[in-house]
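Report on the structure given below.
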């Protein structure tokens, strides 16, 4: 039922991405002994705010009284993880704290991550249609050493952002360093 509502809300390709992330998250959860249903729910809803444009994201963040950094003001798309957490909670009535935290941390990660948070972070980065330098290495590491996979993924993201002359969240750097 919730999937149907989400499918109507999100652009078609974004919804398909969420399903691919859910598929990967369940595989990782099974492999590492994490709750598969929580992984599936967090993965399906991790991008549930991605139907909004930049202006809508800023307005929604203000409406939900979220802290907005200077970087997020310049790049409102960076708010999507926080907004997805709020929409999952308020619109879709998802109240599991672990699931909501995994949704919120799926973009930048954090220095201290739970197993579920690590799984959602990685599943988003390694779903089958992802293309970035280093993705094959991250996919291989994901089923060998979760922390090494997170460090490699965050490192690849940092390199890509530098190449594109885009800002980097300090939290992404901290995530990489903490998981080396």
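Numbering (the working numbering), first residue to last: 7 to 186. Where a beta carbon is used, it is the ideal one built from N, C-alpha and C, also for glycine.
The criterion of a C-beta distance shorter than 8 Å is not satisfied by residue 123 and residue 88. The C-beta of residue 17 has fewer than 16 other C-beta atoms within 10 Å across all chains shown, which makes the residue exposed.
Non-local C-beta neighbours of residue 81 in its own chain, meaning closer than 7 Å and more than five positions away in sequence, comprise 173, ordered along the chain.
Membership of residue 47 in the alpha helix (DSSP H) is indicated by the continuous run 42 to 51. Here DSSP, grouped into helix, strand and coil, assigns residue 21 to helix.
For the segment 75 to 136, the continuous alpha helix (DSSP H) assignments of 4+ residues that do not extend past its boundaries occur at 76 to 80, 86 to 96, 103 to 110, 121 to 132, in sequence order.
Taking one beta carbon from each stretch, the segment 134 to 150 and the segment 59 to 72 have fewer than 3 pairs nearer than 8 Å; the two do not touch.
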